[in-house]
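Structure first, commentary second.
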Amino acid sequence: MSRYRLLPSPAQEAVLRDHCAHARYLWNLAVEQHSYWRVGRTSAPGYLEQCQQLTQARAEHEWLRQGSQTVQQQALRDFARAMSAFFDPANPAGRPSWRKAGRDEGFRIVGRGRQWEVRRLSRKVGQVWVPKAGWVRFRWSRAVPPGVKSYRVTMDRAGRWHVAFAAIPDPVLAPGNGEVVGIDRGVAVSAALSTGELLRVPGLAARERTRRRRLERKLARAKRGSNRRARVKHAIARLGARETDRRKDWAEKTSTGLARRFDLIRVEDLNVKGMTRSARGTVQAPGRNVRPKAGLNRAILASGWGLLVRRLGDKAPGRVEKIRPAFTSQRCSACGHVDAKSRESQARFACTVCGFACNADVNAAQNIAAGHAVTARGGFRDAGPVNREPQLLLQSA
Ligand SMILES: [Zn+2]
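For the sequence shown, the numbering used here assigns the number 863 to the last residue and increments by one with no breaks.
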């Protein structure tokens with residue numbers, strides 16, 4: 467994703483605002499329809515049915531008819547995609563929710579060549595074609611990557627417009643060296659490779675985290691609706707965006723590097739959503755390890771490895787294997803003995819039988835690389851969300 471500052475003329479800005487309003491309206495309509503849906507009922511209307519409803523709505527409402535059908539259809543398609551991401555167990559995306567005016571403003575255009583085009587006007591200015599608005603100028607801050615297929619126009623809370631071009635990355639050629647790598651996705655260390663490398667997702671620096679805490683306290687004191695509050699909120703949002711950018715950048719670089727170096731990439735088949743789902747439980751069945759898990763949730767979401775695996779799948783199609791993670795962290799990668807006591811601590815593995823010792827995450831990654839799954843004595847425990855290693859979760863609290 468490469469983002470550029472968009473510079474619409476006042477007339478164009480009015481068109482863009484309409485596009486945003488239409489996209490938000492249809493998205494929220496779809497959210498509303500799906501909110502009626504309950505398990506056991508017939509399914510909520512899908513994309514095709516919604517498109518028919520869109521045709522109807524356009525016939526009835528002058529306001530919608532005036533707008534771009536491309537924008538409106540795409541909003542529904544985006545919603546359908548967000549719904550399937552929500553149901554995909556490998557994807558940590560949450561349920562699509564309401565879009566608020568002034569907060570989540572944006573629309574997407576696909577179909578380059580038919581619906582849109584991009585060109586460079588001068589050294590520092592580019593132009594992108596937006597339906598009904600025409601050529602809109604943007605700041606050419608770096609080259610637009612070749613092969614972009616769609617873009618998204620957004621307006622932030624400060625009223626600034628941006629355009630972000632999206633490209634589906636071309637698959638990276640396998641090196642052909644027959645090498646296999648295992649990746650253990652942890653929390654303390656974002657990813658451990660079977661080669662012994664430990665990768666960390668860059669987050670905010672200590673100074674930035676301090677600043678965010680200070681801003682959050684300031685926000686709590688600021689009066690609702692005041693200018694000061696808006697300014698502080700904006701500053702917090704900017705820090706959040708910086709953190710996200712770093713995480714995305716890391717996932718891009720790391721996935722490209724791995725796809726280039728190894729023929730086969732094995733990762734844990736961890737259900738991200740299961741792990742990040744609330745551990746609170748119900749009154750009848752209160753969840754276990756509620757406190758430790760609350761902290762773990764944040765760390766997992768911050769670690770961005772759901773994104774890493776998705777990008778690996780894009781860049782190394784057919785070369786990524788998901789391995790069931792049961793006992794990968796209790797099994798000795800040297801002799802195969804499984805013993806919870808071998809896991810000395812969160813960080814250290816020392817086999818109780820053969821004495822092999824190394825970083826615990828690397829040991830797990832080596833088991834994953836070897837493709838070892840369930841081999842524990844006493845059979846297979848139910849690998850529910852929390853009980854991968856309950857005792858370790860407690861220690862990490
Ligand atoms: Zn051993």
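Think of the CB as a built atom: it goes at the ideal place given N, C-alpha and C, for glycine as much as any other residue.
For clarity, every value in this text was computed on a predicted model and none was experimentally measured.
Using a threshold of 8 Å, is the CB atom of H500 nearer than that to any non-hydrogen atom of ligand 1? It does not: the Cβ of H500 is nowhere closer than 8 Å to a heavy atom of ligand 1.
Using 8 Å for Cβ pairs, my map puts V638 next to V629. What's the rounded Cβ distance? The pair is not a contact, with the Cβ atoms about 27 Å apart (cut-off 8 Å).
At which residue ranges does the segment 509-590 contain complete beta strand (DSSP E) runs of 3 or more residues, listed in the order of the chain? Fully enclosed beta strand (DSSP E) runs of 3 or longer: 571-575, 584-586.
Bounding residues of the beta strand (DSSP E) (the contiguous stretch that carries E674): Per DSSP, E674 belongs to no beta strand (DSSP E); it is in the alpha helix (DSSP H), 672-687.
Whole-angstrom distance between Q593 and R608, CA atom to CA atom: In a straight line, the C-alpha of R608 is about 13 Å away from that of Q593.
Length of the line joining the Cα atoms of N494 and R483: The alpha-carbon atoms of N494 and R483 are separated by roughly 16 Å.
Is the segment 712-719 close to the segment 683-697, with three or more CB pairs under 8 Å? Segments in contact, no.
Coil, strand or helix - K781 by DSSP: Three-state result, K781: helix.
Neighbourhood of ligand 1 [Cβ distance below 6 Å to any heavy atom], ordered by chain position: Taken from the N-terminal end onward, the list reads C798, A800, C801, H803, C817, V819, C820, F822.
Can you find the residues in the same chain that come closer than 7 Å, C-beta to C-beta, to K590, ignoring five residues on each side of it along the sequence? The answer, listed in chain order, is R605, W606.
Rounded separation between R644 and R666 - CA only: Note that residue 644 corresponds to Gly in the displayed sequence, not to Arg. Taking the straight line joining both Cα atoms gives about 26 Å.
Within this structure, are the beta carbons of V828 and L705 separated by less than 9 Å? A distance of 9 Å or more separates the beta carbons of V828 and L705.
Smallest Cα separation from G802: which of H700, R814, E787, F822? G802 has its Cα closest to that of F822, out of H700, R814, E787, F822.
Does the beta carbon of R677 sit closer than 9 Å to a beta carbon anywhere in chain C? Looking for chain C here will not work: only one protein chain is present.
Using a 10 Å radius around the Cβ and a threshold of 16 neighbouring Cβ atoms, would you call D711 buried or exposed? Under this definition D711 is an exposed residue.
Do Q539 and C517 count as a contact pair if the criterion is CB distance below 9 Å? Yes.
Counting pairs of beta carbons, one from the segment 667-681 and one from the segment 728-737, are three or more of them closer than 8 Å? By the criterion of at least three beta-carbon pairs nearer than 8 Å, the segment 667-681 is not in contact with the segment 728-737.
Can you give me the C-alpha to C-alpha distance between A548 and A800, rounded to a whole angstrom? Between A548 and A800, the C-alpha separation is close to 43 Å.
Could you please give the first and the last residue of the uninterrupted beta strand (DSSP E) stretch that includes E734? Note, E734: beta strand (DSSP E), 730-734.
Reduced DSSP secondary structure (H/G/I, E/B, other) of D650: Under the three-state reduction of DSSP, D650 is assigned to strand.
Compute the distance between the beta-carbons of V804 and R814, then report whether it is under 9 Å. No, the Cβ-Cβ distance between V804 and R814 is not below 9 Å.
Is the Cβ-Cβ distance between R490 and R565 less than 9 Å? Yes; because the gap between Cβ atoms is below 9 Å, this pair is in contact.
According to DSSP, is H700 helix, strand or coil? Residue state, collapsed to three classes: helix.
Could you pull out every residue in the same chain whose Cβ sits closer than 7 Å to the Cβ of A633, ignoring the five residues on either side in sequence? Taking A633 as the centre and dropping the five residues before and after it, the same chain places the C-beta of P611, G613, V614, K615 closer than 7 Å to its C-beta, in chain order.
For G723, three-class secondary structure by DSSP: Helix.
Whole angstroms are fine: how far does the CA of I789 sit from the CA of N833? Straight-line spacing of the CA atoms in N833 and I789 works out to 10 Å.
When you compare each of A836, L659, V596 to L473 by their alpha carbons, which one comes out closest? Selected option, being the one with the closest Cα: V596.
Which listed residue (T521, R543, R524, W529) has its alpha carbon closest to that of V481: If we check each option's Cα against that of V481, W529 comes out closest.
Does DSSP classify E787 as helix, strand or coil? E787 falls in the strand class under three-state DSSP.
Tell me the DSSP secondary structure of R757 in three-state form. A caution first: R757 carries a pLDDT of 49, below 50, which makes its placement in the model unreliable, though a value can still be read off. Correct three-state label for R757: helix.
Under the three-state DSSP convention, the category N643 falls into: Residue state, collapsed to three classes: coil.
How many Å lie between N853 and A830 at the Cα? Because the pLDDT of N853 is 30, which lies under 50, any placement of that residue in the model is unreliable, and the number read from its coordinates should be weighed accordingly. N853 and A830 have their C-alpha atoms roughly 16 Å apart.
Check the DSSP bridge columns for S468 and list the partner residues they point to. DSSP lists F631 as partners of S468.
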